[in-house]
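So the protein sequences, as listed, match chains A and B. Sequential numbering of the first sequence, starting at 119, is according to my numbering. Sequential numbering of the second sequence, starting at 534, is according to my numbering. Before any comments, here is the structure.
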Amino acid sequence: MILDSKIPEGPLAQKWDKHKFDVKLVNPANKRKYEIIVVGTGLAGASAAATLGELGYNVKAFCFQDSPRRAHSIAAQGGINAAKNYQNDGDSVFRLFYDTIKGGDYRSREANTYRLAQVSVDIIDQCVAQGVPFAREYGGLLANRSFGGAQVSRTFYARGQTGQQLLLGAYSALNRQIAYGKVKMFPRTEMLDLVVVDGQARGIVVRNLITGAIESHSAHAVVLATGGYGNVFFLSTNAMGSNATAAWRAHKKGALFANPCYTQIHPTCIPVSGEHQSKLTLMSESLRNDGRVWVPKTAEIAQRLRKGEIKVSDIPEADRDYYLERKYPAFGNLVPRDVASRNAKLVCDEGRGVGASGLAVFLDFAEAINRDGLATISAKYGNLFEMYEKITDENPYERPMRIYPAVHYTMGGLWVDYNLMTNVPGLYATGECNFSDHGANRLGASALMQGLADGYFVIPYTIGDYLARMPYTKVPTDHPAFKEAEQAVIAKNNQLLSIQGTRTVDEFHKALGHIMWENCGMARNAEGLTYARQAIRQLREEFWRDVKVTGVNEELNQTLEKANRVADFLELGELMVEDALHRNESCGGHFREEYQTPENEALRDDENFAYVAAWEFTGVGNEPVLHKEELKFENVKLTQRSYK
Amino acid sequence: MDLTLKVWRQKDRNSAGQLVTYPVKGISPDMSFLEMLDVLNEDLLRSGQEPIAFDHDCREGICGMCSLFINGRAHGPERGTTTCQLHMRHFNDGDTITIEPWRAAAFPVHKDLVVDRSAFDRIQQAGGYVSVNTGGVPDANEILIPKTIADKAFDAATCIQCGACVAACKNASAMLFVSAKVSQLAMLPQGKVERQTRVENMVAQMDIEGFGSCTTIGSCAAECPVGISLENIAMLRREYISAKATSEHLA
């Protein structure tokens, strides 16, 4: 198999414009003859469904939530980047591109990343036109702030609820198309298989989560916008329902899965409080603009603090180690997420962690409150402070927050070409569901940017190019390929329901999460990964022998929903481990302990690993086949990332 | 903490429901209310019983998916808090807690504590948007919005569409929810063009869905987890009257 990225010829800055001209167009009158399925209605899916509807295509949109407005994009707090240079501080499309490539540790595609920076500018215009209430200055102009990994203020925000407001903008555009009849919405419906006919994606099989009905939907093209797979770890900042099932089942139908081991561990999350914990809550990275990260200088002081012998306020400045400011004077507390996370782990491993578990560091606002006043800090971060207090019962205005890294965003995903099409013709993947734009690490405020870029500005162009070459005829849903897929889905559900074992789905999920976090989390090594591979296989075998799923298919059955998702996580987890094991280097979110500099920084190997690892499915438990897409860097020079 | 839960169990939309009593033991005050239900559900599963179906997703207080009528209050006893952000430290050892689904004719029960809130989506589809296609829009800074207006619009825009306002209202009115969207867009220059048709259509759809009338008692705002203000209802009324008095759609 040859991976053709279909990157257009020509200079970087002109590739997208040239490509937009070169793609085939569909005559407006013919667009109504095509049907497109969009799975997932977060930023990438809702914006795609709405825009494709605007263009005149017939769209069917699916989500497992009760309303498209609940997709997990809603929880993004900090902001969205755009190279508007409204602040006149030296920003440009090229600088945003450069920061993103460098921030991603040179493991993303130049052409995709440049296009992302290019259309970022249009996204803000689009959202403002929809009525998204971004923060404003007193003169009525848009306000900006800076974010981790950047030295310019290019982040647009809506208090600490940027994701919510952007999603509501996309949801409103979607609603408009639903009202017009151009988009048909299927909430509480989960995709359980992809249907491929003659090598082309021609539809999906879904389960109605209320009635359990297994249904087929046919279309000319299928767009997956189903988000990331961070819930493999059980504890993560993802919504509880976020899952990999649609993408994973597409993978099992032939779509390659790229760079699965790149998991972003976000540095500013509320630490775990106990065994009962169901998920982790992220505190916006924007907090690091004003909050200072520190731990006690010695393990001895940290221990006394943990035992309650001294209070935070008893620790004098001289005994505090502002380790990010000390080690990275140029970026300070605003170093990228992988660097901040790894350093938090390092100081905790040294015994200098705080909180009952010792797995936390301080994020301190005392100096900012002294400098700017309580009112200013409260206006900037008030809702985040409230959220923190609700969860921890501690007032962050009076004592520093405790934070610790947690699984947040997955940079890997389905392999796509420049058109966002997977290697299965007619199957597209957008937003977090694909692998293409962030490399091995994602900078702050760039996930929202990619979701909306793909949905509003990329897929509407590129999908036309594919459809223009297709006949209008649809594959009927009584085609054998649909029937076969339906039968497979029904058989799998029946199997899950018939096991009647002794262990719950959550028990298996937590066990998997534990294996993943310990061995394929913030730091990995060959020994741990080899162990994890074996442990996951064994757990999967136990799952299919001993899981307990109550109820029947023909009803609202949340246990069955979870069981299907965990069954897929058990397979995906193994692939993540496989990928981490083969990549003998450290880059971004993938930190292999064997490959580090004397200063504990990630040691990349550009000679041997400057490629996308795209895995082909060959059966559960079988060795997957590795395909490599070489990454060519013609416009940036690969340098060791340094934030010193 | 040991607690006694009385939970509404209902097989599906067409079946009768009833409160069923479950004792739960060893609850940590640091658990969220939903984590407490997770613990109960794991126990039920292990003993071969059907777990309790309830809606939840982000568990960060923002997606609006969680619901639950707890001891007669939407999202429980804490002000300004969604059920997922309600922690057990607000209850006492030995408490009996009654847990019911949202009660409103326009929100039929799917199962147990899960209700159908799609009526809210249909109200949004009736006009809760600015009609603008993707691309071809002006530069964002060409639309100047005073900070005070942007902030006020934002306050209205924070509605999470959870339905607590309907659940808290004696008439099961959706006025607070509808008013939040109407106010947000009526305040912003982008939304002004369609403000009359928007308010007329959204209010009409609200009636079609079977929500009750608003008598401005204010329990909606009192129970709203994100603090949507009653001012929005005042604004909705102004918008509606003004639209009805001057609109081209005079009926």
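Don't be surprised by glycine CBs; every beta carbon is placed ideally from N, CA and C.
Residue i versus the options, residue with shortest Cα-Cα distance
i: residue 439 (chain A); options: A:404, A:449, A:414; result: A:414
i: residue 676 (chain A); options: A:314, A:131, A:182; result: A:182
i: residue 648 (chain A); options: A:681, A:606, A:693; result: A:693
i: residue 760 (chain A); options: A:478, A:718, A:752, A:419; result: A:718
i: residue 643 (chain B); options: B:772, B:548, B:774; result: B:548
i: residue 688 (chain A); options: A:483, A:602, A:367, A:410; result: A:367
i: residue 186 (chain A); options: B:627, B:651, B:555; result: B:651
i: residue 596 (chain B); options: B:669, B:553, B:588; result: B:588
i: residue 424 (chain A); options: A:125, A:175, A:590, A:520; result: A:520
i: residue 751 (chain A); options: A:671, A:742, A:740, A:729; result: A:729
i: residue 730 (chain B); options: B:641, B:778, B:648, B:565; result: B:778
i: residue 240 (chain A); options: A:574, A:711, A:653; result: A:574
i: residue 697 (chain A); options: A:549, A:725, A:748, A:638; result: A:638
i: residue 642 (chain A); options: A:709, A:417, A:179; result: A:709
i: residue 527 (chain A); options: A:452, A:464, A:398; result: A:398
i: residue 640 (chain B); options: B:769, B:743, B:562, B:766; result: B:743
Beta-carbon proximity check, residue i vs residue j, cutoff 8 Å
i: residue 147 (chain A); j: residue 301 (chain A); result: no
i: residue 401 (chain A); j: residue 379 (chain A); result: no
i: residue 250 (chain A); j: residue 283 (chain A); result: yes
i: residue 201 (chain A); j: residue 214 (chain A); result: yes
i: residue 631 (chain A); j: residue 353 (chain A); result: yes
i: residue 630 (chain B); j: residue 603 (chain B); result: yes
i: residue 560 (chain A); j: residue 269 (chain A); result: no
i: residue 340 (chain A); j: residue 319 (chain A); result: yes
i: residue 389 (chain A); j: residue 500 (chain A); result: no
i: residue 747 (chain B); j: residue 706 (chain B); result: yes
i: residue 158 (chain A); j: residue 345 (chain A); result: yes
i: residue 225 (chain A); j: residue 551 (chain A); result: no
i: residue 441 (chain A); j: residue 762 (chain A); result: no
Test: residue i CB closer than 8 Å to a CB of chain B
i: residue 654 (chain A); result: no
i: residue 172 (chain A); result: yes
i: residue 505 (chain A); result: yes
i: residue 401 (chain A); result: no
i: residue 137 (chain A); result: no
i: residue 619 (chain A); result: no
i: residue 384 (chain A); result: no
i: residue 669 (chain A); result: yes
i: residue 511 (chain A); result: yes
C-beta neighbour in chain A for residue i, strict 8 Å
i: residue 614 (chain B); result: yes
i: residue 784 (chain B); result: For residue 784 (chain B), the predicted model reports a pLDDT of 49, less than 50, meaning its position is unreliable and no value from the coordinates is stated.
i: residue 644 (chain B); result: yes
i: residue 679 (chain B); result: yes
i: residue 566 (chain B); result: no
i: residue 730 (chain B); result: no
i: residue 593 (chain B); result: yes
i: residue 575 (chain B); result: yes
i: residue 786 (chain B); result: Absent from the model: residue 786 (chain B). The displayed extent of chain B is 534 to 784, so no value can be given.
i: residue 716 (chain B); result: no
Terminal residues of the alpha helix (DSSP H) in which residue i lies
i: residue 700 (chain A); result: 676–700
i: residue 542 (chain B); result: No alpha helix (DSSP H) holds residue 542 (chain B); the beta strand (DSSP E) holding it covers 536–542.
i: residue 132 (chain A); result: Counting along the chain, residue 132 (chain A) falls outside any alpha helix (DSSP H), and DSSP gives it neither H nor E.
i: residue 236 (chain A); result: 228–248
Run of the beta strand (DSSP E) containing residue i, from where it starts to where it stops
i: residue 520 (chain A); result: 519–528
i: residue 387 (chain A); result: 381–387
i: residue 443 (chain A); result: Per DSSP, residue 443 (chain A) belongs to no beta strand (DSSP E); it is in the alpha helix (DSSP H), 441–445.
i: residue 414 (chain A); result: 410–414
i: residue 156 (chain A); result: 153–157
i: residue 570 (chain A); result: Where residue 570 (chain A) is concerned, there is no enclosing beta strand (DSSP E), although the alpha helix (DSSP H) it sits in stretches over 565–570.
i: residue 773 (chain B); result: No beta strand (DSSP E) contains residue 773 (chain B), which is instead part of the alpha helix (DSSP H) from 764–779.
Any chain C beta carbon closer than 8 Å to residue i
i: residue 557 (chain B); result: Note that chain C does not occur in the displayed structure, where the protein chains are A and B.
Residue i beta carbon near the ligand MG (any heavy atom closer than 7 Å)
i: residue 621 (chain B); result: Here there are no bound small molecules, and the ligand MG is not part of this structure.
Quick one: which unbroken alpha helix (DSSP H) runs of 4-plus residues sit fully inside the region 662–695 of chain B? Chain order, please. List check, alpha helix (DSSP H) in window: 680–690.
Q. In chain order, which continuous runs of the beta strand (DSSP E) of length 3 or greater are located wholly inside the region 477–506 of chain A?
A. 479–482
- Which whole runs of the beta strand (DSSP E) in the region 293–376 of chain A are 3 residues long or more, in chain order? 301–304, 307–315, 318–326, 332–336, 339–342
Practice task
Could you pull out every unbroken beta strand (DSSP E) segment of at least 3 residues lying fully inside the region 589–676 of chain B, listed in chain order?
Solution key: 629–633, 642–644
Complete runs of the alpha helix (DSSP H) confined to the region 605–660 of chain A [at least 4 residues]
623–638
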